[in-house]
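See structure below.
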Amino acid sequence: MFTYFLYGAAGGLLLLSFTKDKQKTFMVLKKAWRSFENILPQFLCILLIIGMMLSVLDADAISHLLGRESGVLGMAIAAVFGSITLIPGFVAFPLAASLLKAGAGYGQITMFITTLMMVGIVTLPVEMKFFGRRTTIKRNLFAFIYAVCVSLIIGGVIG
Amino acid sequence: MRKIWMLIQRYRFFLILFAVNILLLFAAPEIGKNSFTVTKENFLEMISILPPIFVLLGLLDVWVERETMMKYMGKDAGIKGAVIAFIMGSAAAGPLYVSFPIAGMLLKKGVNLKNVFIFVGAWSTTKIPMILFEASNLGWRYMLLRLVCNVIGIAAIAVILEKSTPDAERDAIYEMAKDQ
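Chains as they are written, first to last, in my numbering: chain P, -1 to 157; chain Z, 65 to 244.
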């Protein structure tokens, strides 16, 4: 749905741009292509790495590792998986729900979800291209610390 | 010939990974096949959302003046800029790494670091379709509690990141953004 909205907005605005200034619209498309091509090699690498990772660590493997663990060790495993792997939310939330059923606590799954979304080791090279090495590492580190805090809070309140 | 060589140079990591995946196909057919399937699905998903995003980026770059962006989301925009950044990030679609080129464009247009990091943070966790999906899977109580924590956490991370970045490094980041 949001994708259609994006296409609608991009198409409509591009048309508006074209009626106002053809030259500028040509420049818009050139810039769009250039920034896309600029990042394409990294994106393709990420896609392949995710593909290989998810084929080894599928939902069963993760729930096997996380479901039976509890407490601090479970948290640690959740943090490691969440930080390295990148799983889209549409896979992550059902997975988290099934992890809960398999015996994982709210703390662990919150750790897993939060690091999954905010911390990305595989995507570090892309992030560095825009924020530089130090700021990128700092952002991921802070996000990781935040993940620990929020999973302790949610684990305490709901768990 | 030189051009092809440069292309190979640019895509060398991709080519290496691709070769590894093909080797995997022979060494462990099940995993190798699975891997290509996942990659193909993700690629199709990505390629369907990227064109409008990059066209919008191009439009923003050509039509919106740096001064305008700075007025709404720059250093002196105050809380208004932070709110706009939050809404922009939450209305997004796609994985987090897609947000980085957009963040680069915001930097190019003079948006301050704090608001750029709020945008990235919102993109990572408070996307609206994701939130609804989270509630349906894990319950409204869980979703709301996490959402409240996330809004506070994203703002805190953005403020700390901005405050802890030395001037020289901040300038270097903006310098990098100019080349995008």
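Glycine is no exception: its CB is placed at the ideal position from the N, C-alpha and C atoms. Model, not experiment: these values are computed from the prediction.
Problem - Residue of 203/Z, 171/Z, 88/Z, 157/Z minimising C-alpha distance to residue 139/Z - result: By 1-based counting over the second sequence, the position of residue 139/Z is 75. The shortest Cα separation from residue 139/Z among 203/Z, 171/Z, 88/Z, 157/Z belongs to 171/Z.
Practice task
Output yes if chain Z places a C-beta closer than 8 Å to the C-beta of residue 81/P; else output no.
Solution key: Position 83 of the first sequence, counted from the first residue, corresponds to residue 81/P. No, residue 81/P lies away from the interface with chain Z (no Cβ there is under 8 Å from its Cβ).
Problem - Rounded C-alpha distance that separates residue 207/Z from residue 102/P - result: The residue labelled residue 207/Z in the question sits at position 143 within the second sequence. The residue labelled residue 102/P in the question sits at position 104 within the first sequence. So the two alpha carbons sit approximately 17 Å from each other.
Practice task
Using a Cβ-Cβ cut-off of 8 Å, state whether residue 128/Z counts as contacting chain P.
Solution key: Along the second sequence, read from residue 1 onward, the residue named residue 128/Z stands at position 64. Judged by the 8 Å Cβ criterion, residue 128/Z is not in contact with chain P.
Practice task
Would you kindly work out how many angstroms separate the C-alpha atoms of residue 191/P and residue 107/Z, rounded to a whole number?
Solution key: Outside the modelled stretch of chain P, which goes from -1 to 157, sits residue 191/P, for which no answer is possible.
Practice task
Please report the Cβ distance between residue 114/P and residue 141/P, rounded to the nearest whole angstrom; I am assuming they are in contact, meaning their Cβ atoms lie under 8 Å.
Solution key: Here residue 114/P corresponds to residue number 116 of the first sequence, with the count starting at 1. Here residue 141/P corresponds to residue number 143 of the first sequence, with the count starting at 1. Contact doesn't hold; Cβ gap of about 11 Å is too wide.
Exercise for the section: Give the range of the alpha helix (DSSP H) segment to which residue 112/Z is assigned. Expected result: What you label residue 112/Z is simply residue 48 of the second sequence in a count that begins at 1. Segment 93 to 127, the alpha helix (DSSP H) holding residue 112/Z.
Problem - contact_flag[the region 65 to 76 of chain Z, the region 111 to 123 of chain Z] where n(CB pairs < 8 Å) is 3 or more - result: no
Problem - CA-to-CA distance, residue 211/Z to residue 197/Z, given in whole angstroms - result: Counting from one through the second sequence, the residue named residue 197/Z turns up at place 133. Counting from one through the second sequence, the residue named residue 211/Z turns up at place 147. Their backbone Cα atoms lie some 13 Å apart in a straight line.
Handout entry: Beta carbon proximity, residue 66/Z to chain P, threshold 8 Å
Key = Working through the second sequence from its first residue, we reach residue 66/Z at position 2. Closer than 8 Å: no.
Exercise for the section: Give the residues from the region 5 to 30 of chain P that approach chain Z closer than 7 Å (Cβ to any Cβ), ordered along the chain. Expected result: 5, 7, 8, 11, 12, 15, 22, 25, 26, 27, 29, 30
Handout entry: residue 165/Z - containing alpha helix (DSSP H), residue span
Key = Position 101 of the second sequence holds residue 165/Z. Here the alpha helix (DSSP H) through residue 165/Z covers 160 to 172.
Practice task
Would you check if the region 136 to 150 of chain Z and the region 224 to 241 of chain Z touch, i.e. whether three or more CB-CB distances between them fall below 8 Å?
Solution key: no
Exercise for the section: Determine the DSSP secondary structure at residue 175/Z, reduced to helix, strand or coil. Expected result: Here residue 175/Z is taken as the residue at index 111 of the second sequence, counted from 1. Note: residue 175/Z maps to coil in three-state DSSP.
Exercise for the section: State buried or exposed for residue 104/P, treating a residue as buried only when at least 16 other CB atoms are found within 10 Å of its CB. Expected result: Taking the first sequence and counting its residues from 1, the one referred to as residue 104/P is at position 106. Residue 104/P is buried by the Cβ-count criterion.
Handout entry: Under 8 Å between C-beta atoms of residue 79/P and residue 48/P
Key = Taking the first sequence and counting its residues from 1, the one referred to as residue 79/P is at position 81. Taking the first sequence and counting its residues from 1, the one referred to as residue 48/P is at position 50. Contact flag unset, no.
Practice task
Would you mind giving the Cβ-Cβ distance between residue 128/P and residue 167/Z, rounded to the nearest angstrom? I have them listed as a contact below 8 Å.
Solution key: To locate residue 128/P, count along the first sequence from 1; it is residue 130. To locate residue 167/Z, count along the second sequence from 1; it is residue 103. Going by Cβ atoms, the distance from residue 128/P to residue 167/Z rounds to 6 Å, so yes, they are a contact pair.
Practice task
Check whether the region 34 to 51 of chain P touches the region 98 to 106 of chain Z, counting contact only when three or more Cβ pairs, one atom from each stretch, lie closer than 8 Å.
Solution key: yes
Handout entry: Touching by the beta-carbon criterion (3+ pairs, under 8 Å), the region 30 to 43 of chain P and the region 89 to 98 of chain Z
Key = no
Problem - Where residue 75/Z meets chain P, residues with beta-carbon distance less than 7 Å - result: Taking the first residue of the second sequence as position 1, residue 75/Z is located at position 11. Under the 7 Å cutoff, chain P gives 39.
Exercise for the section: Starting from the beta carbon of residue 217/Z, find every residue of chain P whose beta carbon is closer than 8 Å, and list them in chain order. Expected result: Residue numbering aside, residue 217/Z sits at position 153 when the second sequence is read from its first letter. By Cβ distance, chain P contributes 144, 147, 148.
Problem - Closest by C-alpha distance to residue 22/P, when choosing among 119/Z, 91/Z, 188/Z, 199/Z - result: The count along the first sequence starts at 1 and reaches residue 22/P at position 24. Comparing Cα-Cα distances from residue 22/P to each of 119/Z, 91/Z, 188/Z, 199/Z, the minimum goes to 119/Z.
Exercise for the section: Work out the CA separation of residue 154/P and residue 117/P for me, nearest whole Å. Expected result: Along the first sequence, read from residue 1 onward, the residue named residue 117/P stands at position 119. Along the first sequence, read from residue 1 onward, the residue named residue 154/P stands at position 156. Taking the straight line joining both Cα atoms gives about 22 Å.
Exercise for the section: Check the Cβ-Cβ distances between residue 130/P and every residue of chain Z, and say whether any is below 8 Å. Expected result: Within the first sequence, residue 130/P is the residue found at index 132, counting from 1. So yes, residue 130/P belongs to the interface.
Handout entry: Residue range of the unbroken alpha helix (DSSP H) whose run includes residue 236/Z
Key = As a working note, residue 236/Z is residue 172 in the second sequence. Its alpha helix (DSSP H) spans residues 231 to 242.
Practice task
Can you tell me which of the three DSSP states residue 85/P falls into?
Solution key: Looking up residue 85/P in the first sequence gives position 87. Note: residue 85/P maps to coil in three-state DSSP.
Exercise for the section: Alpha carbon to alpha carbon, how far is residue 90/Z from residue 130/Z? Give it in angstroms, no decimals. Expected result: Locating residue 130/Z in the second sequence gives position 66, counting from the first residue. Locating residue 90/Z in the second sequence gives position 26, counting from the first residue. Taking the straight line from one Cα to the other gives about 53 Å.
Exercise for the section: Can you give me the start and stop residues for the alpha helix (DSSP H) that residue 71/Z sits inside? Expected result: What you label residue 71/Z is simply residue 7 of the second sequence in a count that begins at 1. Residue 71/Z -> alpha helix (DSSP H) spans 66 to 74.
Practice task
Would you list, in chain order, the members of the region 105 to 120 of chain Z that have their beta-carbon closer than 9 Å to a beta-carbon of chain P?
Solution key: 105, 106, 107, 109, 110, 112, 113, 114, 115, 116, 117, 118, 119, 120
Problem - Per-residue burial, residue 204/Z [other beta carbons within 10 Å of its own, 16 or more giving buried] - result: Position 140 of the second sequence holds residue 204/Z. Label assigned to residue 204/Z: exposed.
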